[in-house]
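What follows is a single structure, written as structure tokens, with notes after it.
Protein chains: 2
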Amino acid sequence: MFDHRTKGEGMDDGRGARLAEPDPTAPLAAVGQTSARVRLEPDVRRQQILRCALQIFGERPYAEVSTQDLASAAGVTRGLIHHYFGTKRGLYLEVVRAIALIPEDDVADAPSGPMRARVEAGVDWFLDIVARHPRTWVAATGAEGVAGDPEVERILAEADDRAARRVLQVLGRPADDPRERSLLRAYVQLGKGAAREWVRDGDLGRTQVRLLLVESLMAIVRDVLPVLDDAGPHRAAGEDEEKNP
Amino acid sequence: MFDHRTKGEGMDDGRGARLAEPDPTAPLAAVGQTSARVRLEPDVRRQQILRCALQIFGERPYAEVSTQDLASAAGVTRGLIHHYFGTKRGLYLEVVRAIALIPEDDVADAPSGPMRARVEAGVDWFLDIVARHPRTWVAATGAEGVAGDPEVERILAEADDRAARRVLQVLGRPADDPRERSLLRAYVQLGKGAAREWVRDGDLGRTQVRLLLVESLMAIVRDVLPVLDDAGPHRAAGEDEEKNP
DNA sequence: AGCCCTGTTGACACCCTGTCAATAGCACTT
DNA sequence: AAGTGCTATTGACAGGGTGTCAACAGGGCT
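Chains as they are written, first to last, in the numbering used here: chain A, 1 to 245; chain B, 246 to 490.
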């Protein structure tokens, strides 16, 4: 998310860029005013714009970013942004996708051993992911989406669902029961919440968070999943007729 | 982009506005075209606009609601919206406050009886709140805020903290230990996640959600809180050095 | 060199937000 | 009842941001 392309840092003065010879693919604000119109491969240009957008959207909220800002950062004109991404929202979606969706890569862990060991393994897997890029992770998965945009929702939901399936897999359960999936998605929220408390405010450490997540998941496995089907019908909450707050 | 100002969409039909005798305080779209300029007490007008905004913002995302929509729904002009709330975001903040901030009023419930009963009472209290305005509640507390708006963040965080304190109170625990508060805030995320699954997707019903929340909270009370202090230090997650997303 | 494909631009039209002086309800006085 | 004053409410205006499109020009090819 953050590109950490800390400004000073050899961007303009020292090495590179001898004189008036800007790297055409220079991503960020290398755009003194100097660089004339340079023609790039569509793929390269797309990537470059996307990288800049990644940085910008990480810095301030969606509404306070204008396509002009995006364009300037990439050293192009607004028109080009729209040419490649259709709309500002389109570009934003690409950014969210890039950040939120954890690759489904390492799926091959054999779920073996007693349940408690599996649960602990699953929790540790999750905490490791968070610990790798704590702040970025929190920013990406928190309430940072654009206001209720259905597509953003969808992406974030997909991310949660992947995590939920992963946990189910670690538990050694088939991941195709929609109710169990739903249940685990809720649990993933607990994980996200706990991680937030861990990373942002410092009152809980990894130890405490781990404890919380392990015991909760154990309770779910022990006391909830087995009786899930015995419970009542699965109606959604009634349509709301608001009265007053 | 999308004009979304499509279809009349239940905006104008239903209740209210029988025939040219509009209740001055009629909340929604009682605005045939009929109602002439009516003068109301500032308080009343504010309330009325707020109620309408509550509904509208619950229906579609912030960015797709225009001040014109808000004004029309309340049967006034845009200017008045700004007169009372300054800005569209200002009105939105009031809405979020109204929905998310559970009144700290009914604090007097005696936390008595066995722990399981208390836990169930607390969970039911929470579910009742959600059930009162399900969709609006989900919209307001989910990732539906204005993208990363600090003020929205603050309100939501405050709301979570209130809920956490409330739960601690129901459990019969003092609500001043920051670590327990933090723990319970994480639990509140589970509650919100579960409520989302309940309201939005229909795979889980209130029964299942209740089960999940009760058992999880029981596990927390039984297995986590007692040993919270025995666990390691409460360092925040290490500062992150991002490599790549 | 000259041509052509296409990446890139600049300007245009539209919508939306926020401001402000002007208008007109409505309660109170005479 | 009519008049008067306070102020709730309006309508028009300015500024800014998004998305569209025909035209321009970079650079590889003949």
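The beta-carbon is built from N, C-alpha and C at its ideal position, and this holds for glycine as well.
In the displayed model, Leu54 (chain A) falls within a helix according to three-state DSSP. Taking a C-beta distance under 9 angstroms as the contact criterion, Asp468 (chain B) and Glu197 (chain A) do not qualify as a contact pair. When rounded, the separation of the alpha-carbon atoms in Ile56 (chain A) and Gly90 (chain A) is 15 angstroms.
Per DSSP, reduced to three states, the secondary structure at Gly172 (chain A) is coil, with no helix or strand assignment. Leu338 (chain B): member of the alpha helix (DSSP H) spanning Lys333 to Ala345, first to last residue. In summary, Asp405 (chain B) is buried, with 16 or more beta-carbon neighbours lying within 10 Å of its beta-carbon over all protein chains present. For the segment 181-203 of chain A, the residues whose beta carbon sits under 9 angstroms from a beta carbon of chain B are, in order, Arg181, Ser182, Leu183, Arg185, Ala186, Tyr187, Val188, Gln189, Leu190, Gly191, Lys192, Gly193, Ala194, Ala195, Arg196, Glu197, Trp198, Val199, Arg200, Asp201, Gly202 and Asp203.
For Ala408 (chain B), the CB contacts under 6 angstroms within the same chain, skipping 5 residues up- and downstream, are Val433 in chain order. Contacts with chain A at 9 angstroms (Cβ-Cβ) do not include Arg407 (chain B). Considering only A:Gly113, A:Pro114, A:Ala100 and A:Gly202, the residue with the shortest C-alpha distance to Val152 (chain A) is A:Ala100. For the segment 449-465 of chain B, the set of residues with a beta-carbon nearer than 8 angstroms to any beta-carbon of chain A comprises Leu449, Gly450, Arg451, Thr452, Gln453, Val454, Leu456, Leu457, Glu460, Ser461, Met463, Ala464 and Ile465, in chain order.
Contact of Leu168 (chain A) with chain B is not assigned, every C-beta pair being separated by 9 angstroms or more.
For Asp314 (chain B), the number of other beta carbons within 10 angstroms of its own is at least 16, and it is reported as buried. By the Cβ neighbour-count rule, Ser66 (chain A) is exposed, with fewer than 16 other Cβ atoms within 10 Å of its own. In the three-state reduction of the DSSP assignment, Asp448 (chain B) falls in the coil class. Using a Cβ-Cβ cut-off of 7 angstroms, Asp394 (chain B) is close to Pro61 of chain A, given in chain order. DSSP places Leu470 (chain B) in no alpha helix (DSSP H); its state is neither H nor E. Put simply, the backbone Cα of Val95 (chain A) is about 7 angstroms away from that of Leu50 (chain A). Against chain B, the beta carbon of Val224 (chain A) has neighbours under 7 angstroms at Leu456, Leu457 and Glu460, listed in chain order. Val375 (chain B) counts as buried, since at least 16 other C-beta atoms from the protein chains shown sit within 10 angstroms of its C-beta. Between the alpha carbons of Glu403 (chain B) and Arg410 (chain B) lies a distance of about 11 angstroms. In the structure shown, Leu40 (chain A) adopts coil according to DSSP, grouped into three states. If you look at Asp128 (chain A), you'll find it in the alpha helix (DSSP H) that goes Met115 to Arg132. The beta carbon of Pro178 (chain A) falls within 9 angstroms of a beta carbon belonging to chain B, placing the residue at that interface.
Between Val199 (chain A) and Arg135 (chain A), the beta carbon gap of about 6 angstroms places them in contact (Cβ cut-off 8 angstroms).
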